[in-house]
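**Student:** Its first residue numbered 24, the sequence shown is counted upward by one per residue in the numbering used here. Each residue gets a CB set at the ideal place from its N, CA and C atoms; glycine is no exception. Since the structure is predicted, the reported quantities are computational estimates derived from the model, not experimental observations.
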Amino acid sequence: MAPFSTRLPIAAVTVALLSVDLLSVELSAQSPEAPPPQSPAAKPATASQATAARFEFPTDDYQRGLRGRGNFGVLITAKGSPFAGSYHLAEDVWLPAGTKVRSIGNGVVRYSDFSPSWKDDAGVVHWNLGNVIVVEHALDPPVAGLTHVCSFYVHLGADRRVALGDTVQKGQVLGCIGKDRSEENGLYPAHLHFGLHRGPYHQIPPSWRREVETMARTVGIVGDRAPVRGEVEFVRQSPSSVLVRSKGDGATVLLSLLVGSTAPEHPPADIMAWCSGYGDRQTVDEWLRPSKWIAARIEAESASSPASARAPK
Ligand SMILES: [Zn+2]
């Protein structure tokens with residue numbers, strides 16, 4: 024499919040920096056049909072299984088593959104790189120092509136496709152990332168205030184094992200690291216680019232929230248009737264839209280939710296900009312350092328389980 028070639032006009036949503044593309048509409052439409060993440064058959068939390076942490080690393084030898092501290096949050100300085108001046112928002116895991124890549128936890132597949140190179144309306148080229156999978160994980164109970172995280176598996180081979188909407192279990196094989204510098208992996212050296220984004224798949228990323236707030240405070244946002252000005256609040260309307268309301272006079276405007284970009288230099292809302300893995304200084308805060316977060320989950324959940332203390336022998 025060619026998810027980026029068509030845009031659907033959404034009559035009630037007219038702010039230039041926020042637009043819904045065909046992909047997001049497809050995803051919204053499919054979400055209700057997706058199997059529930061916690062169907063009775065898939066329920067993991069029996070007492071006897073309570074010793075197991077809810078998360079694990081996406082590959083064997085993950086730590087070794089990081090080659091040290093990993094490159095999360097590193098500023099790209101290489102001259103000539105299309106990403107120079109931006110921050111790397113994931114960890115590159117240097118393991119051989121064909122290495123199995125597994126879901127880090129139970130969740131729902133929100134993206135599973137090949138990502139071609141494409142050029143947005145501003146002429147910015149978005150680079151081919153090869154085969155990409157995104158899984159959304161509900162956190163129940165929440166972890167440090169987070170109700171969801173999304174895991175990103177980028178530069179995979181063509182043999183993806185899951186499809187959009189699939190429910191997956193922790194440890195389930197999603198695919199493999201793609202072949203070195205191949206079309207299937209986006210022409211990169213063989214490695215896994217693995218990211219952990221704070222929050223559910225459908226959301227307004229904080230950086231965009233800030234932009235909307237700033238716009239309201241300064242020039243105002245053109246609404247259906249009066250412009251929305253001053254301090255605003257956000258009211259979620261649906262999985263794909265949010266109402267922005269002035270705290271002063273109550274004027275409102277309905278905006279479409281971004282599916283993607285957290286980087287101001289990539290204004291079109293799309294999954295590829297979101298998981299291209301690069302952003303500005305503020306954007307770094309929207310992402311988690313994967314090796315640290317997963318290790319902390321494994322340690323905390325295994326240690327705190329009463330079942331581990333009761334384990335026989
Ligand atoms: Zn990377």
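1) May I have all residues whose beta carbon comes closer than 6 Å to any heavy atom of ligand 1, sorted in chain order?
2) So, at 7 Å on beta carbons, what are the nonlocal neighbours of ASP203 in its own chain, with the 5 sequence-adjacent residues on each side left out?
3) With GLU114 as the anchor, note down where its beta strand (DSSP E) starts and where it stops.
4) Excluding the 5 residues preceding and the 5 following ASP84 in the sequence, name in chain order all residues of the same chain whose CB lies nearer than 7 Å to its CB.
5) In angstroms, rounded to a whole number, what distance separates the CA positions of ASP115 and GLU236?
6) Using the three-state DSSP reduction, which class does ALA319 fall into: helix, strand or coil?
7) For a test of the three-state rule: what should DSSP assign to SER325, helix, strand or coil?
8) Quick check: ARG183 and ASN208, are their CB atoms within less than 7 Å of each other?
9) Which same chain residues, not among the five before or five after ALA101, have their C-beta less than 8 Å away from its C-beta?
10) ARG252: beta carbon under 6 Å from a heavy atom of ligand 3?
11) Assuming CYS379 contacts VAL196 (C-beta within less than 8 Å), just tell me the rounded distance between them.
12) On the premise that SER314 lies in contact with GLY93, defined as a C-beta separation below 8 Å, what is that separation, rounded to the nearest angstrom?
13) Which residues does DSSP list as the beta-bridge partners of PHE110?
14) Helix, strand or coil for SER126 per DSSP?
15) Any idea which residues DSSP pairs ASN154 with across the strands?
16) Considering only C-alpha positions, which residue in the set SER135, TYR224, PRO250 is nearest to HIS178?
17) Distance check for ARG304 and ILE99, CA to CA, integer angstroms please.
18) Secondary structure at PRO212, three-state DSSP: helix, strand or coil?
19) What does the alpha-carbon distance come out to for the pair THR275 and VAL245?
20) Write down the C-beta distance between ILE127 and PHE175 rounded to the nearest angstrom, noting that I regard them as a contact closer than 8 Å.
21) Run through the DSSP bridge pairs and tell me what THR275 is partnered with.
22) Our contact map puts ALA76 next to ILE321 with C-beta atoms below 8 Å; I'd like the distance itself, whole angstroms only.
23) With burial defined as no fewer than 16 other Cβ atoms inside 10 Å of the residue's Cβ, what is the status of ALA323: buried or exposed?
24) Taking the alpha-carbon positions, what's the ALA239 to ARG233 distance?
25) Starting from GLY88 and walking both ways along the beta strand (DSSP E), at which residues does that stretch end?
26) Give every residue of the same chain whose Cβ lies closer than 7 Å to the Cβ of VAL251, excluding the five residues on either side of it in the sequence, and list them in chain order.
**Tutor:** Checking against the coordinates, here is how it stands:
1) Those satisfying the condition are, in chain order, HIS111, ALA113, ASP115, HIS216, GLY300.
2) Numbered from 1 along the sequence shown, position 180 holds the residue referred to as residue 203. The answer, listed in chain order, is ALA120, PRO212, ALA213.
3) Taking the sequence shown and counting its residues from 1, one reaches residue 114 at position 91. Start and end: 114-116.
4) Within the sequence shown, numbered from 1, the residue matching residue 84 stands at position 61. Cβ neighbours of ASP84 beyond the five flanking positions: LEU118.
5) Working through the sequence shown from its first residue, we reach residue 115 at position 92. Working through the sequence shown from its first residue, we reach residue 236 at position 213. Roughly 34 Å between the two C-alpha positions.
6) Numbered from its first residue, the sequence shown carries residue 319 at position 296. Correct three-state label for ALA319: helix.
7) The residue labelled residue 325 in the question sits at position 302 within the sequence shown. Note: SER325 maps to helix in three-state DSSP.
8) By 1-based counting over the sequence shown, the position of residue 183 is 160. By 1-based counting over the sequence shown, the position of residue 208 is 185. When the beta-carbon positions are compared, ARG183 and ASN208 stay at least 7 Å from each other.
9) Position 78 of the sequence shown holds residue 101. ALA107, listed in sequence order.
10) As far as ligands go, the structure on display features ligand 1 and does not contain ligand 3.
11) Since the first residue shown for the chain is 24 and the last is 336, residue 379 is missing from the structure and cannot be characterised.
12) For the purposes of this step, residue 93 is taken as residue 70 along the sequence shown, with counting starting at 1. For the purposes of this step, residue 314 is taken as residue 291 along the sequence shown, with counting starting at 1. Going by Cβ atoms, the distance from GLY93 to SER314 rounds to 6 Å, so yes, they are a contact pair.
13) For the purposes of this step, residue 110 is taken as the residue at position 87 of the sequence shown. Per the sequence presented here, residue 110 reads as Tyr, with Phe not at that position. Answer is LEU98, GLY302.
14) To locate residue 126, count along the sequence shown from 1; it is residue 103. Correct three-state label for SER126: coil.
15) Sequence index remark: in the sequence shown, residue 154 carries index 131 (1-based). Under DSSP, ASN154 shares a beta bridge with PHE137, LEU179.
16) Locating residue 178 in the sequence shown gives position 155, where the first residue counts as 1. The residue with the shortest Cα to Cα distance from HIS178 is SER135.
17) One-based indexing of the sequence shown puts residue 99 at position 76. One-based indexing of the sequence shown puts residue 304 at position 281. The alpha-carbon atoms of ILE99 and ARG304 are separated by roughly 12 Å.
18) One-based indexing of the sequence shown puts residue 212 at position 189. When secondary structure is reduced to three states using DSSP, PRO212 falls in the coil class, being assigned neither helix nor strand.
19) On the sequence shown, residue 275 is found 252 positions in, with the first residue counted as 1. On the sequence shown, residue 245 is found 222 positions in, with the first residue counted as 1. Whole-angstrom Cα-Cα distance: 9 Å.
20) In the sequence shown, residue 127 corresponds to position 104, counting from 1. In the sequence shown, residue 175 corresponds to position 152, counting from 1. Rounded, the Cβ-Cβ distance is 10 Å, inconsistent with contact.
21) Against the sequence shown, residue 275 aligns to sequence position 252. According to DSSP, which records beta bridges pairwise, THR275 is partnered with ARG268.
22) Within the sequence shown, residue 76 is the residue found at index 53, counting from 1. Within the sequence shown, residue 321 is the residue found at index 298, counting from 1. ALA76 to ILE321, Cβ: 4 Å. Contact.
23) As a first step, residue 323 is located in the sequence shown; it is residue number 300 there, counting from the start. ALA323 is exposed by the Cβ-count criterion.
24) Taking the sequence shown and counting its residues from 1, the one referred to as residue 239 is at position 216. Taking the sequence shown and counting its residues from 1, the one referred to as residue 233 is at position 210. Each residue's alpha carbon lies about 10 Å from the other.
25) What you label residue 88 is simply residue 65 of the sequence shown in a count that begins at 1. Per DSSP, GLY88 belongs to no beta strand (DSSP E); it is in the alpha helix (DSSP H), 85-88.
26) For the purposes of this step, residue 251 is identified with residue 228 of the sequence shown, where counting begins at 1. Cβ within range, chain order: ALA239, GLY243, ILE244, VAL267, SER269, ALA274, THR275, VAL276.
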